[in-house]
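Heads up: the structure comes next, in structure tokens.
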Amino acid sequence: MMEGLLTPIQTRNKSGLDQQENHLVPLRTDRSHGEKQTYSLNSPEDALEILKSKPDHQELKNVLRWLKATANAREGFNIKTPGPKATQIVYVLVNDIIPDYWATLSEGRTSQSKEKLLLIRCLTSVTGIGAIISRLRLLLGQLKVPQGQAEISGISRSQPVETLIAVLEAVFDSDGFVASVWNDINSCISQSSQKSIQWKEFVSLVASSKVLSIASEASFALDALSQSVAASSWVGSGFEYATWLGRNVQHMINSLPDNDVESDKALSQLLKRALSLGYTGQLRGEDQIVQSAFSDLMNGVDRSLEKIGHLMNNFSAHEQKVLMYSIIRALSKRHLSRTDSTGPNGNSGDRGRGGVAALLAALIKTTHLHQDLLVEWIAGTSADAVGYYHNTHRAVIAALSLHSDQMMRALQISLELFGDKLCIKHAPMLHQEVNAQILLMLAGYAYRADKKSLTILARSSVYLNAISNRIAASSQRARFLGMAVGTAMSKLVDSEDKRMIFSAEELNSSNGQWYASLTTVNDTIGSISDLKPAQLPSTKSSGKKATLAMRNTKPPEPTKALNTSSKIISIEEIEDSSESEEEDLPMYEKPDSDPSDEDEDPTLVQRNRPTAPVYIRDLLASLRDTENFDRHKLALTTASSLIRRKAAFGTEVSDNIEELATLLVGLSDKWEMENFQQMRLQGMIAVLTAEPLRMGQWFCMTFYNGDYSMGQRASVLTTLGLGARELAGLGKEDAALTGTNASENAFPSKRLPDKLHNLYALEAAPMNALSQQLERAMIQPMAVEAVDKFSGPNALKVRTFSSRMAVEKKRQKPIPNALAKVVAEGFFFPLTGRWRIHLQANGDNSTCTNPFLLTHLLKTLSLILHTSGSSTLSLAQMTSEFWDLLLSLRPRATDPSVLEALLFAFLTLLDINENDQRRLAEEHAKELLETQEWVGSVFERIGGGSEEGDRIRMLAASVLMRTREVVEKYQRMLMGDMVDFM
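Take the UniProt record's numbering: the final residue in the sequence shown is number 982, and no numbers are missing along the way.
This is the structure in structure tokens:
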């Protein structure tokens, strides 16, 4: 049947030679059955041939041993020395041997682990790292190509990438890795030029983020490929990679010989590039490098101090500045107390402060440039010292006090900045306060070192103009700082009958007395060994005692509610009666519902349910225990009530409050539990209201400097806004905003996926609801007034009068406003002042300039300002600083949400100052006219027709009405008396 399917096209008769093609010919093989070909291993060519020929386990082991034996050869072939043969061998190891043998070598047997170490040793070189990175980049490119349905699964596609990441981790798995590579380069390469080229190539790979970027890209690609792929790698984490690199630098500092100029130069090159690593971490990239690289020095071990001094001398002036400021930041974060001492000479942080001062004094002892850098840090116009705690300022000034000429120069610069008119008018109040504190402490040190020079300075025109400009300032806080500095300086240099005296009440307050006492600050420079961490007492004995006590404790006696005796007294037969049985049966309460009982498998039922924490330390432990769902959820549920209950009792909350706040801010919803954001937010608000001044400043600093996501930063702003309203007595009105109904979305079509919606929208929902409520409250009276004007003359209107009892009944009782005392120093000025610092340090790359966070920040500041009330003493200074901030943000109002928030802030600013419009016309005429002109252009530019456009135009119209009301009422004051005759 199949013969018809084939049709011959051509027929040919085969010759005799052709017939031989059909004969079976034995195939020549290199390895016959049962017989193994032996290779001679005497040259790199032999090793390369064996590796290319699919070696078995024994052959690979022999080749790796031979290659390791060549690693220390100074002449001839060396696997660590760059060359054509070494490059080819490394290429085969990375591309062929690792995919075939890595899984086998990683099984954990002793012999195989030794071979794995041999393989890693062969790749511990510049050539090996370069080959791994090149192969990884190629595989990532293939991994990103979309595959068809017939292709292999995601896990098998990702396997080569995961293997290379594991190899990279194994190669880098040592604090002596960098020192080992340098020793190999230094010992195996004789030519200095080739040695320099190899080291520069290594530095560009390890310290210039090439390895970090490709490893991070690999982790991201594996995460995107499949959720089942475990792609977490410390090589791709900026924080962990910077920590590892810093530890390697520390190991190299300790291992290199002294007075080795070539090694010091190589280490300087590595540290220079490492400081520019750059990533978003818990600290800045350079700070994490410094904290790890100088860990011995940070912990009070000064053996590497001299070598670090030599390293800094190899840096340029700018690089030395970066390194010096990073050292100050790292020391401040690690050793200096976050809370200031009770007085200028208090004991809070004395040991750490003295140790930090000793370390800084040793670093600047012989180098004039380092002294200039410290002067610029403490008194420069860049305001580098503003974002630090008071103890940091004290430590730096104490270190600088050993050089009287530099201290007097710092005092001169600080005094000039203090009296500058532009600084008084436009600098954030936080900057001015820190500058005044530094000025007074420097004056105290100068008085004790050289009273004559301080007296000459106090008689100079710079000092007199500074005090005059301060007293003539429109800001009440600026005038207070001028009076505080003037009285303190006069007390130092003038006799008692000639001292400058002001009768202001603020100078007699606790804050005024604290400023006056700053001239008596005289910190002692301790020893670098003071930085050694205190050893905690051993807990083994106490643990044993606790265990023994538990064993000896008798179990509680059972409750004798029922008479249960095992001895039978008598047996009595009674008649069957259902009614009597029901009467005799004891009544038990219905037990609480247990969700775990619903599980059909009795082995999975959890009977050991956790109990609610009763101490703050238990709450901290439960919040950290993210692996136990029940315990973690119970801690979140009870956190707010426990903190509020403990805040007014003892010091348990105040002693752990910053740790508690850090834990709550950084908490993530691992279990996707219901109402997680609301419970976390309530706990953060409870922490804020427990100590408003201290924690308000802490939350403001955390918003700008912490390593948190945008959602977590938004929750910090929400905490500040809602916490401020609770302090003002409006907590009951806002209670519903932290519930689940506060996050309704007006645009369902634009709703993010549930996971992202919970991450971003829920954090900002309470503030959005409050801002809309406040917006309606401010616009509604203007709308009613406009309708009233068009309803006819007043004579035709009917006015209804209510009885006095009804009026008294509707009148709201006054609410105590505790916010007014701390709003400026604890909430408002830290937010506005640190905005300038953060923008100056990070520029447009700052996370806080994101439209989402910028909108949330403006609404938070507006709500805090409005909640503080029109009778707040610092309202004038808050108005001035907020108005400057809003006008500076006009170029960033390109996003509709930012524009809307900016207009809302302008409206709030004008509304809270409605009762003092004359002051606005007198002190802020320029800002008033600029605002009116800009808002008018916005109103003309934005078209209506859409909900978003109509909302912006409504806000713009409201701001225009407010500004025109002030301008028309005080036109003569704004434009001059001649305006009527023009």
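The C-beta atom is built at its ideal place from N, Cα and C for all residues, glycine as well.
Any chain D beta carbon closer than 7 Å to GLY83: Although the question refers to chain D, the structure presented lacks it and comprises just one protein chain.
Span of the alpha helix (DSSP H) around GLU691: Reading the sequence shown from its first residue, position 691 is the one you call residue 691. That residue, GLU691, is in no alpha helix (DSSP H); it is neither H nor E in DSSP.
Selection from HIS390, GLN772, LYS633, GLY309 that minimises the alpha carbon distance to THR366: Walking along the sequence shown from the start, residue 366 turns up at place 366. The shortest C-alpha separation from THR366 is found at GLY309.
Start and end residues, alpha helix (DSSP H) containing ASN522: Within the sequence shown, the letter at position 522 stands for residue 522. Note, ASN522: premise wrong, no alpha helix (DSSP H); not H, not E.
Nonlocal neighbours in the same chain, by C-beta distance under 7 Å from ALA893, ignoring five residues either side: On the sequence shown, position 893 is the one that residue 893 refers to. Around ALA893: LEU899, LEU902.
DSSP-derived helix/strand/coil call for THR931: Residue numbering aside, residue 931 sits at position 931 when the sequence shown is read from its first letter. DSSP places THR931 in helix when its eight states are reduced to three.
Status (buried if at least 16 other CB within 10 Å, exposed otherwise) for GLY16: Here residue 16 corresponds to residue number 16 of the sequence shown, with the count starting at 1. A caution first: GLY16 carries a pLDDT of 48, below 50, which makes its placement in the model too unreliable to give a value.
Contact under 7 Å by Cβ, LEU518 with LEU440: Mapped onto the sequence shown, residue 518 falls at position 518. Mapped onto the sequence shown, residue 440 falls at position 440. For LEU518 and LEU440, yes; Cβs fall inside 7 Å.
From VAL653, ALA647, LYS670, ILE643, residue whose alpha carbon lies closest to that of HIS632: In the sequence shown, residue 632 corresponds to position 632, counting from 1. Answer by Cα proximity: LYS670.
Where the alpha helix (DSSP H) containing GLU923 begins and where it ends: Against the sequence shown, residue 923 aligns to sequence position 923. In this chain, the alpha helix (DSSP H) harbouring GLU923 covers 917-923.
Minimum C-alpha distance to HIS838 - residue among HIS431, LEU164, SER304, ILE165: Counting from 1 along the sequence shown, the entry for residue 838 is found at position 838. Considering only HIS431, LEU164, SER304, ILE165, the residue with the shortest C-alpha distance to HIS838 is HIS431.
Nearest to ARG962 (by Cα), restricted to the options ALA379, SER219, LEU164, ALA905: Stepping through the sequence shown from its first residue, residue 962 is reached at position 962. Closest option to ARG962, Cα to Cα, is ALA905.
Other residues of its chain near ARG137: CB distance less than 8 Å, five sequence neighbours each side excluded: On the sequence shown, position 137 is the one that residue 137 refers to. So the list reads ILE214, once near-sequence residues are dropped.
Cβ-Cβ separation, VAL171 to TRP129 (assumed contact under 8 Å), whole Å: One-based indexing of the sequence shown puts residue 129 at position 129. One-based indexing of the sequence shown puts residue 171 at position 171. What sits at residue 129 in the sequence shown is Ile, not Trp. The pair is a contact, with the Cβ atoms about 7 Å apart (cut-off 8 Å).
C-alpha gap between ASN314 and LEU143, whole angstroms: Within the sequence shown, the letter at position 314 stands for residue 314. Within the sequence shown, the letter at position 143 stands for residue 143. A direct Cα-to-Cα measurement between ASN314 and LEU143 gives close to 43 Å.
Terminal residues of the alpha helix (DSSP H) in which VAL665 lies: Locating residue 665 in the sequence shown gives position 665, where the first residue counts as 1. First-last of the alpha helix (DSSP H) with VAL665: 652-665.
Inside the segment 248-304 only - alpha helix (DSSP H) runs reaching at least 4 residues: Positions of the alpha helix (DSSP H) runs, each at least 4 residues long and wholly inside the segment 248-304, are given as 261-275, 285-293, 295-298 in order along the chain.
ALA242 beta carbon less than 7 Å from that of GLN288: Here residue 288 refers to the residue found at position 288 of the sequence shown. Here residue 242 refers to the residue found at position 242 of the sequence shown. Contact: yes.
Assigned secondary structure, SER228 (DSSP; H/G/I helix, E/B strand, else coil): Working through the sequence shown from its first residue, we reach residue 228 at position 228. Confidence at SER228 is low in this model, with a pLDDT of 42, below 50, so the placement of that residue is unreliable and no value is reported for it.
Residue interval of the alpha helix (DSSP H) (run including ILE397): Along the sequence shown, read from residue 1 onward, the residue named residue 397 stands at position 397. ILE397 -> alpha helix (DSSP H) spans 390-400.
The segment 672-689 / the segment 710-727 touching (three or more Cβ pairs under 8 Å): Two segments are said to touch when three or more pairs of C-beta atoms, one from each, lie closer than 8 Å; by this definition the segment 672-689 touches the segment 710-727.
Segment limits, alpha helix (DSSP H) that includes ASP372: Your numbering for residue 372 matches position 372 in the sequence shown. Element bounds for ASP372: 368-379.
Residue range of the unbroken alpha helix (DSSP H) whose run includes CYS188: For this step, residue 188 is matched to residue 188 along the sequence shown. Element bounds for CYS188: 177-188.
Reduced DSSP secondary structure (H/G/I, E/B, other) of ARG644: Your numbering for residue 644 matches position 644 in the sequence shown. If DSSP states are grouped into helix, strand and coil, ARG644 belongs with the helices.
8 Å contact criterion, which SER475 and SER219 should meet: CB distance rounded: For the purposes of this step, residue 475 is taken as the residue at position 475 of the sequence shown. For the purposes of this step, residue 219 is taken as the residue at position 219 of the sequence shown. In this structure, SER475 and SER219 do not form a Cβ contact; the two beta carbons are roughly 51 Å apart against a cut-off of 8 Å.
For SER106, the nearest candidate out of TYR91, LYS52, GLU169, GLU416 (CA to CA): Looking up residue 106 in the sequence shown gives position 106. SER106 has its Cα closest to that of GLU169, out of TYR91, LYS52, GLU169, GLU416.
For ALA170, three-class secondary structure by DSSP: Within the sequence shown, residue 170 is the residue found at index 170, counting from 1. Reduced to three states, the DSSP call for ALA170 is helix.
Distance between ILE50 and SER43 (C-alpha atoms, nearest Å): Counting from one through the sequence shown, the residue named residue 43 turns up at place 43. Counting from one through the sequence shown, the residue named residue 50 turns up at place 50. Spanning the two alpha carbons is a distance of roughly 11 Å.
Residue range of the unbroken alpha helix (DSSP H) whose run includes ASP350: For the purposes of this step, residue 350 is taken as the residue at position 350 of the sequence shown. It spans 350-363 - the alpha helix (DSSP H) in which ASP350 sits, taken as one unbroken run.
Helix, strand or coil at VAL614 according to DSSP, with G and I counted as helix: Reading the sequence shown from its first residue, position 614 is the one you call residue 614. Coil at VAL614, not helix or strand.
Three-state secondary structure (DSSP) of VAL145: Taking the sequence shown and counting its residues from 1, the one referred to as residue 145 is at position 145. VAL145: coil per DSSP, three-state reduction.
Reduced DSSP category for HIS838 - H, G, I as helix; E, B as strand; rest coil: Here residue 838 is taken as the residue at index 838 of the sequence shown, counted from 1. Helix at HIS838.
GLY869 and PRO692 closer than 7 Å at C-beta: Taking the sequence shown and counting its residues from 1, one reaches residue 869 at position 869. Taking the sequence shown and counting its residues from 1, one reaches residue 692 at position 692. Contact: no.
For MET679, the three-state DSSP class (helix, strand or coil): As a working mapping, residue 679 is identified with position 679 in the sequence shown. Helix, per DSSP.
Assumed close pair ALA446, LEU454 - CB separation to whole angstroms, cut-off 8 Å: Within the sequence shown, numbered from 1, the residue matching residue 446 stands at position 446. Within the sequence shown, numbered from 1, the residue matching residue 454 stands at position 454. Yes, they are in contact, since the Cβ atoms of ALA446 and LEU454 sit about 5 Å apart, within 8 Å.
Collapsed DSSP secondary structure at PHE202 in the structure displayed: What you label residue 202 is simply residue 202 of the sequence shown in a count that begins at 1. Three-state result, PHE202: helix.
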